[in-house]
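Okay, structure first, notes after.
There are 2 protein chains.
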Amino acid sequence: MSYEGLRVMGIDPGLTRCGLSVAQAGRGRAVVPVAVGVVRTPAGAELAERLLRLSDAVNEWMDDYRPDVVAIERVFERGNVSTVMNTAHAVGVLMLAAAQRGIPVHMYTPSEVKKAISGNGRADKKQMTVMITRILGLSEPPKPADAADALALAVCHCWRAPLLARTAEALSPQSTHPEGVRP
Amino acid sequence: MSYEGLRVMGIDPGLTRCGLSVAQAGRGRAVVPVAVGVVRTPAGAELAERLLRLSDAVNEWMDDYRPDVVAIERVFERGNVSTVMNTAHAVGVLMLAAAQRGIPVHMYTPSEVKKAISGNGRADKKQMTVMITRILGLSEPPKPADAADALALAVCHCWRAPLLARTAEALSPQSTHPEGVRP
Numbered sequence: 545m546s547y548e549g550l551r552v553m554g555i556d557p558g559l560t561r562c563g564l565s566v567a568q569a570g571r572g573r574a575v576v577p578v579a580v581g582v583v584r585t586p587a588g589a590e591l592a593e594r595l596l597r598l599s600d601a602v603n604e605w606m607d608d609y610r611p612d613v614v615a616i617e618r619v620f621e622r623g624n625v626s627t628v629m630n631t632a633h634a635v636g637v638l639m640l641a642a643a644q645r646g647i648p649v650h651m652y653t654p655s656e657v658k659k660a661i662s663g664n665g666r667a668d669k670k671q672m673t674v675m676i677t678r679i680l681g682l683s684e685p686p687k688p689a690d691a692a693d694a695l696a697l698a699v700c701h702c703w704r705a706p707l708l709a710r711t712a713e714a715l716s717p718q719s720t721h722p723e724g725v726r727p
Numbered sequence: 545m546s547y548e549g550l551r552v553m554g555i556d557p558g559l560t561r562c563g564l565s566v567a568q569a570g571r572g573r574a575v576v577p578v579a580v581g582v583v584r585t586p587a588g589a590e591l592a593e594r595l596l597r598l599s600d601a602v603n604e605w606m607d608d609y610r611p612d613v614v615a616i617e618r619v620f621e622r623g624n625v626s627t628v629m630n631t632a633h634a635v636g637v638l639m640l641a642a643a644q645r646g647i648p649v650h651m652y653t654p655s656e657v658k659k660a661i662s663g664n665g666r667a668d669k670k671q672m673t674v675m676i677t678r679i680l681g682l683s684e685p686p687k688p689a690d691a692a693d694a695l696a697l698a699v700c701h702c703w704r705a706p707l708l709a710r711t712a713e714a715l716s717p718q719s720t721h722p723e724g725v726r727p
C-alpha cells in the first residue's frame with residue numbers, strides 16, 4: 545500500500561490566528577508543500593461572528609485543496625483561560641468542517657509533532673522552522689512564519705499515516721481501507 | 545417597545561448531553577415554554593463525528609423553532625479537563641449554527657442564570673427546578689430533568705432582554721433595533 549499522493553491539511557488552531565497548510569506525501573519520506581497561510585479574525589468582533597469567519601475560511605480551503613485527511617493540534621489548558629477557550633471553540637468548528645465532508649481528523653500534541661519532525665519533543669520554534677524548511681526542500685523558511693506549525697502538523701501526519709494504518713490493520717484484520725488513504 | 549413574542553433558544557452546552565429549549569416571552573414577566581429536550585452523542589464515537597451530530601441536531605431545532613436569539617451557558621474551566629474541552633468544542637459548533645443564520649448569541653454564567661431565576665446565584669438544582677416549574681406554569685417539573693438548565697437560560701434571557709436593550713440604547717443613542725428583538 546502506498547501513501548504517495550496522500551494530501552494532508554495541517555491546522556494549528558486558533559481564533560485570533562489559525563495556521564492552515566496543505567502538504568502531499570511523496571515517495572518514501574518526501575513531502576511536497578502545496579499551500580500555507582494564516583486566517584485571522586478580529587479580536588474586537590463577537591465570538592459567534594469570529595467562529596463564522598473561521599468556518600468560512602477553512603471551508604474555502606477544503607473546497608480549493610480537497611485534503612484526504614486533516615491533522616490538527618490538540619488543545620491543552622495552558623496559558624490564558626479565555627485564549628484556551630477560544631481555541632477550543634475554534635477546534636469545534638474546524639473539526640465540524642472536516643466531519644461535514646467525511647474527511648477523517650487526527651489530533652497530535654505539540655510534543656508529538658516536535659518529536660516527529662526534529663526527533664526532540666521539546667524542540668524550539670527556530671529548530672522546528674529549520675527542519676520544516678529542510679524537509680520540504682524550501683529555499684527559505686515558510687511564510688508567514690507563524691504558519692510553520694501548520695506545515696509541521698501536515699508533515700507529521702504524512703509520516704505517521706503508514707504506521708497508523710498498520711496499527712489499525714493489526715487491530716482489525718478485516719479493515720482494508722485505513723482512514724485517510726485514497727482507495 | 546415590547547418583547548412579547550421574543551423567542552429564545554436556551555442551550556446548556558455539552559457533547560455527551562446538550563440541553564436545548566425554546567421559550568417565548570409573554571406579557572410582563574410571563575414566559576411560555578415551547579420545547580425542551582436533550583441531544584446526546586455517543587461517548588465512544590470520534591470527536592468530529594460527535595460534533596457533526598450535535599451540529600445537525602441544533603440546526604434541526606433552529607429550522608423547527610426559528611428562535612430570534614440564542615442564550616448559551618458560558619463554559620468555565622472546572623472539573624475534568626477533557627469534559628471542559630469537549631464542551632468548549634461543542635459551544636463552537638452551537639455558536640456557529642446561530643451565526644450562520646444571523647441569530648444573535650448571548651452568554652450567561654451559571655450564577656447569572658441562578659440569580660435571575662431564583663434570586664440566589666448559588667441556588668441548587670432542586671431550587672432551580674422548582675422555580676422554573678413555577679415560572680413556566682408547568683403542572684410538573686420539566687422533563688427530561690437535565691434539560692431544566694436549558695429552560696432556565698431561555699427564561700433568563702427573556703427577562704434580561706429589555707434591560708440589555710436599554711443598556712445598548714444608552715451606549716449608542718442611534719440604535720433603534722437592539723439585537724434579539726423582532727422589528
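So the protein lines, in turn, are chains A and B.
In terms of this note's numbering, the first sequence is residues 545 to 727.
In terms of this note's numbering, the second sequence is residues 545 to 727.
For each residue, glycine too, the CB sits at the ideal point set by N, CA and C.
Quick caveat: nothing in here was measured; it's all calculated off a predicted structure.
The beta-carbon of residue 586(B) is placed no less than 9 Å from the nearest beta-carbon of chain A. Within 7 Å of the CB of residue 701(A), no CB atom of chain B is found; the nearest one sits about 15 Å away. For residue 637(A), a Cβ of chain B is located within less than 9 Å of the residue's own Cβ. Note that the C-beta distance between residue 557(A) and residue 635(A) is below 9 Å.
Judged by DSSP secondary structure, residue 599(A) falls within the alpha helix (DSSP H) whose first and last residues are 591-609. Counting every other CB atom within 10 Å of its CB across the protein chains shown gives residue 663(A) a total below 16, marking it as exposed. Here residue 556(A) carries a strand assignment [DSSP, helix/strand/coil].
Note on residue 565(A): 16 or more other CB atoms within 10 angstroms of its CB, so buried under the neighbour-count rule.
Contact annotation: in the stretch 612-634 of chain A, residues whose CB is within less than 7 Å of a CB in chain B are 619, 621, 625, 629, 632, 633, 634. Judged by DSSP in its simplified three-state form, residue 661(B) adopts helix. In this structure, residue 656(A) lies away from residue 702(A), with their beta-carbon atoms at least 9 Å apart. At least 9 Å separates the beta-carbon of residue 551(B) from that of residue 600(B). In the DSSP assignment, residue 628(B) falls within the alpha helix (DSSP H) that extends over 625-644. When only Cα atoms are considered, residue 637(B) and residue 661(A) end up about 32 Å apart. For residue 679(B), there is no enclosing beta strand (DSSP E); the residue is found in the alpha helix (DSSP H) stretching over 669-679. By the Cβ neighbour-count rule, residue 645(B) is exposed, with fewer than 16 other Cβ atoms within 10 Å of its own.
At a cut-off of 9 Å, the C-beta of residue 649(B) has a neighbouring C-beta in chain A. Within a 10 Å sphere around the beta-carbon of residue 624(B) sit fewer than 16 other beta-carbons, which makes this residue exposed. Burial check for residue 594(A): the Cβ neighbour count within 10 Å reaches 16 or more, so the residue is buried. Residue 676(B) is not a Cβ neighbour of residue 573(B), given a cutoff of 9 Å. Of the residues 578(A), 708(A), 670(A), the one whose Cα lies closest to the Cα of residue 609(A) is 578(A). Around the beta carbon of residue 693(A), 16 or more other beta carbons sit within 10 angstroms, so the residue counts as buried. Of the residues assessed, residue 710(B) falls on the exposed side of the cut-off, its CB having fewer than 16 other CB atoms within 10 angstroms. Per DSSP, residue 619(B) lies in no alpha helix (DSSP H) segment and is marked neither H nor E. Between residue 554(B) and residue 642(B) the beta-carbon gap is near 12 Å, outside 8 Å, which marks them as no contact.
The beta carbon of residue 584(B) is closer than 6 Å to those of 561 in its chain, skipping five residues each way along the sequence. Counting only the Cα atoms, residue 683(A) lies some 37 Å from residue 629(A).
Checking the DSSP bridge columns, you'll see residue 581(B) partnered with 564(B).
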